[in-house]
Amino acid sequence: NAGVMQNPRHLVRRRGQEARLRCSPMKGHSHVYWYRQLPEEGLKFMVYLQKENIIDESGMPKERFSAEFPKEGPSILRIQQVVRGDSAAYFCASSGWGSSGANVLTFGAGSRLTVL
Amino acid sequence: SQKIEQNSEALNIQEGKTATLTCNYTNYSPAYLQWYRQDPGRGPVFLLLIRENEKEKRKERLKVTFDTTLKQSLFHITASQPADSATYLCAPVDGNKLVFGAGTILRVKS
Chain A
1096 NAGVMQNPRH LVRRRGQEAR LRCSPMKGHS HVYWYRQLPE EGLKFMVYLQ KENIIDESGM
1156 PKERFSAEFP KEGPSILRIQ QVVRGDSAAY FCASSGWGSS GANVLTFGAG SRLTVL
Chain B
331 SQKIEQNSEA LNIQEGKTAT LTCNYTNYSP AYLQWYRQDP GRGPVFLLLI RENEKEKRKE
391 RLKVTFDTTL KQSLFHITAS QPADSATYLC APVDGNKLVF GAGTILRVKS
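So the sequence lines, in the order shown, correspond to chains A and B.
The first sequence stops at residue 1211 when you use the numbering used here, and every number in between is there.
The second sequence stops at residue 440 when you use the numbering used here, and every number in between is there.
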């Protein structure tokens, strides 16, 4: 039973290029969350998605960032025209909203983006 | 806006002692709060969940308390081991998402 799979694990982009990060949730999970972690800082919420729907994008920058979770395939976090400040670890987490009514998150290993 | 504070300094303790980590939150009342462990270069791993109507929760050597009056959660590791060295993250729920504290680094020395 594979956990949350993220790829690529490491991504290097030059300023102005696009970065696409992919996340396949745990089997049976239909809720996906993206978080960003800067060095020496905590996890910052970006977006919460269910299949084909964005539920909460209150943490997403208004420009250049977008996320989707299509009916088929992984969730994708897309960053257009990357800048050096986008360099960070991006974590995806999934949950199935258990019978307890609480969303315990299972995290992937993260995708580390470096912008040159 | 919501604010979550965890011990900003690393906690260094001797093997076998009890480690106590603090999480304080302001400006909201979470229905539950979770604790996660994060090792360098890896994603966080869920440890414990405690609800607002629960005072204490235990799992093996771990214990969490939740004081909604003080707006504080304490996380205890008893009989600590070097393998417990990691960053511990407090995460109160805010609506449909978890909001994470910056974490406390715990170092257990043998």
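Backbone N, C-alpha and C define an ideal beta-carbon position, used for all residues, glycine too.
As the structure is a computational prediction, the values presented were derived from the model and not from experiment.
Buried/exposed call for residue i, threshold 16 Cβ in 10 Å
i: A:R1108; result: buried
i: A:S1170; result: buried
i: A:H1105; result: exposed
i: B:Q336; result: buried
i: B:G371; result: exposed
i: B:S338; result: exposed
i: A:G1180; result: exposed
i: B:P360; result: buried
Any chain A beta carbon closer than 7 Å to residue i
i: B:A432; result: yes
i: B:F405; result: no
i: B:K333; result: no
i: B:N357; result: no
Beta-carbon proximity list for residue i, same chain, < 7 Å, skipping 5 on both sides
i: B:Y358; result: Q332 and D424
i: A:Q1112; result: V1177
Rounded distance between the beta-carbons of residue j and residue i, thought under 8 Å
i: B:K389; j: B:F396; result: Going by Cβ atoms, the distance from B:K389 to B:F396 rounds to 14 Å, so no, they are not a contact pair.
i: A:I1174; j: A:R1159; result: 6 Å
i: A:G1128; j: A:A1188; result: Correcting the residue identity first, residue 1128 of chain A is Tyr in this sequence and not Gly. Sure, about 5 Å apart at Cβ, within 8 Å.
i: B:L378; j: B:Q368; result: Rounded, the Cβ-Cβ distance is 14 Å, inconsistent with contact.
i: A:M1141; j: A:S1119; result: Not confirmed; about 18 Å, so no contact.
i: A:A1183; j: A:Q1132; result: 6 Å
i: B:E345; j: B:S440; result: 5 Å
i: A:L1144; j: B:L428; result: Not confirmed; about 15 Å, so no contact.
i: A:K1122; j: A:K1146; result: That pair is no contact at about 14 Å.
i: B:Y366; j: B:L419; result: 4 Å
i: B:I334; j: B:C353; result: 7 Å
Close Cβ partners of residue i (< 6 Å) along its chain, the five nearest in sequence each way excluded
i: B:I435; result: A340 and T417
i: A:K1117; result: Looking at the sequence shown, residue 1117 of chain A is not Lys but Arg. Same-chain partners within the cutoff: N1102, P1169 and I1171.
i: A:R1207; result: H1105 and A1184
Cβ of residue i within 7 Å of any chain B Cβ
i: A:L1138; result: yes
Inset, instruction - Examine the Cβ distances between the stretch 403 to 413 of chain B and the stretch 348 to 366 of chain B and report whether three or more of them are shorter than 8 Å. - result: yes
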